[in-house]
Amino acid sequence: MKELSHYINGEYVKGSSGRFADVYNPATGEVQAKVPLASEEEMQMAVQVAQSVQPDWAAVNPQRRARVMMKFVDLLNRDMDQLAEALSKEHGKTFPDAKGDVQRGLEVVEYCIGAPQMLKGEFTDSAGPGIDMYSMRQALGVCGGITPFNFPAMIPMWMFAPAIVCGNAFILKPSERDPSVPMMLAELMEEAGLPKGVLQVVNGDKVAVDAMLDNPVIQSIGFVGSTPIAEYIYGKGCSNGKRVQCFGGAKNHMIVMPDADMDLAADALVGAGYGAAGERCMAISWLFLW
37 MKELSHYING EYVKGSSGRF ADVYNPATGE VQAKVPLASE EEMQMAVQVA QSVQPDWAAV
97 NPQRRARVMM KFVDLLNRDM DQLAEALSKE HGKTFPDAKG DVQRGLEVVE YCIGAPQMLK
157 GEFTDSAGPG IDMYSMRQAL GVCGGITPFN FPAMIPMWMF APAIVCGNAF ILKPSERDPS
217 VPMMLAELME EAGLPKGVLQ VVNGDKVAVD AMLDNPVIQS IGFVGSTPIA EYIYGKGCSN
277 GKRVQCFGGA KNHMIVMPDA DMDLAADALV GAGYGAAGER CMAISWLFLW
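As structure tokens, this is what we get:
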């Protein structure tokens with residue numbers, strides 16, 4: 037049985053908590069691997085690494101940070117099929133859907149290449165009598181992300197790419213159901229030139245999540261998942277003084293007007309409702325026939 041690891045400080049680190057979760061192949065129902073569930077101490081180890089590398093990474097100029105993203109895009113295109121295959125085996129979505137998952141994340145990374153322009157400060161001459169004003173953008177610090185199982189490539193890249201290109205270290209806690217692709221992405225980021233420890237992947241469950249929420253070093257948390265968990269993370273994170281952004285569940289509606297082409301509408305409904313096996317935030321859950 038394959039035993040997965042954490043990815044801490046540029047190395048695969050075996051879990052030491054003694055707790056594991058099964059990783060299934062949805063196509064067969066068979067357990068294909070075991071993933072370690074981190075203890076509070078293991079999360080703290082990752083936080084200490086992130087805290088130690090944060091100042092040096094923040095001091096790197098935005099152009100150099102953007103070059104890492106440029107190289108990362110090249111590597112994503114190079115390994116697209118390999119990433120999609122690993123994603124499909126753990127998540128169960130079709131190979132084309134899996135490639136789309138990676139591609140949508142890649143597009144966010146492409147956006148991050150423009151960070152040097154977006155990170156520029158501003159200067160206002162003579163804002164008032166004898167007053168000049170200027171603003172400057174600085175890295176926030178160590179950031180964390182908690183991501184769901186339905187898009188194990190796209191949503192992690194939504195989170196860590198903007199955070200890292202802005203000069204922050206990032207700790208990712210992916211879903212324990214399909215953890216392999218996030219660790220592959222961390223490896224590719226380092227191949228692209230990211231220093232060790234700037235991006236780490238710690239697998240786990242609520243214990244790991246609470247360790248992130250309670251750790252004062254982590255300045256911000258991003259989350260995508262169910263509404264009850266979003267409410268929990270938002271409440272606890274905010275009470276601990278963190279910046280928190282949570283995306284919970286949603287209801288998406290399709291309205292079919294009287295003059296609609298029913299063949300096209302039916303085709304659109306099937307794609308919107310059942311793509312990615314219906315396990316996505318934008319899946320249609322309400323149909324209105326006008």
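Note that our numbering has the sequence shown beginning at 37, numbered continuously upward. Quick reminder that beta carbons are idealized off the backbone N, C-alpha and C, glycines included.
For this session: Please go through the same chain and pick out, in chain order, the residues whose beta-carbon is closer than 8 Å to the beta-carbon of Y270, but skip the five residues on each side of it.
Result: F259, V280, C282
For this session: Taking only runs that begin and end inside the stretch 133–167, name each unbroken beta strand (DSSP E) of 3 or more residues, in chain order.
Result: 158–164
Exercise. Using CA coordinates, which residue listed in A304, M105, E121 is at the minimum distance from L142?
Worked result: M105
For this session: Look at the Cβ atom of M290, then the Cβ atom of L305, and state whether they are nearer than 8 Å.
Result: yes
Exercise. Going by beta carbon distance, what residues of the same chain come within less than 6 Å of R140, once the five residues before and after it are set aside?
Worked result: M190
Problem set entry | 6 Å Cβ shell around A247 - same chain, five flanking residues per side excluded | E76, M79
For this session: Grab the span of the beta strand (DSSP E) containing C274 for me, first residue to last.
Result: Element bounds for C274: not the beta strand (DSSP E) but the alpha helix (DSSP H), 263–275.
Exercise. Do you know how far the Cα of M169 is from the Cα of F196?
Worked result: 31 Å
Problem set entry | Rounded separation between V145 and D214 - CA only | 21 Å
Problem set entry | Distance between G273 and G233 (C-alpha atoms, nearest Å) | 23 Å
Problem set entry | 6 Å CB neighbourhood of S124 in its chain, flanking five on each side removed | F131, A134
Exercise. In whole angstroms, what is the alpha-carbon distance linking E223 and G46?
Worked result: 8 Å
Exercise. Closest by CA to Y48, which one among M154, A94, E226, M219?
Worked result: M219
Exercise. Quick one: what's got a C-beta closer than 7 Å to M172's C-beta in the same chain, skipping five residues either side?
Worked result: G157
Problem set entry | Cutoff 7 Å; reference N61; Cβ partners in own chain excluding five residues on either side | Q68, K125
For this session: Determine the closest residue to Y43 out of G65, V83, T64, with distance taken between C-alpha atoms.
Result: V83
For this session: Assign Q174 to one of three DSSP states: helix, strand, or coil.
Result: coil
Problem set entry | G311 - DSSP class collapsed to helix/strand/coil | helix
Exercise. Which two residues bound the contiguous beta strand (DSSP E) that contains R279?
Worked result: 279–283
Exercise. So, M193 versus L155, is the Cβ gap smaller than 8 Å?
Worked result: no
Exercise. Thinking just about the alpha-carbon of each residue, which of P198, A199, I200, Q236 is nearest to the one in P210?
Worked result: Q236
Problem set entry | Proximal residues to L249 (C-beta, below 8 Å), its chain only, five neighbours per side dropped | I257, I269, K272, G273, N276, K278
For this session: Mind checking which residues open and close the alpha helix (DSSP H) that includes V83?
Result: 76–95
Problem set entry | Neighbourhood of L111 by C-beta distance below 8 Å, restricted to the same chain and skipping five residues each side | L224, E227, A228
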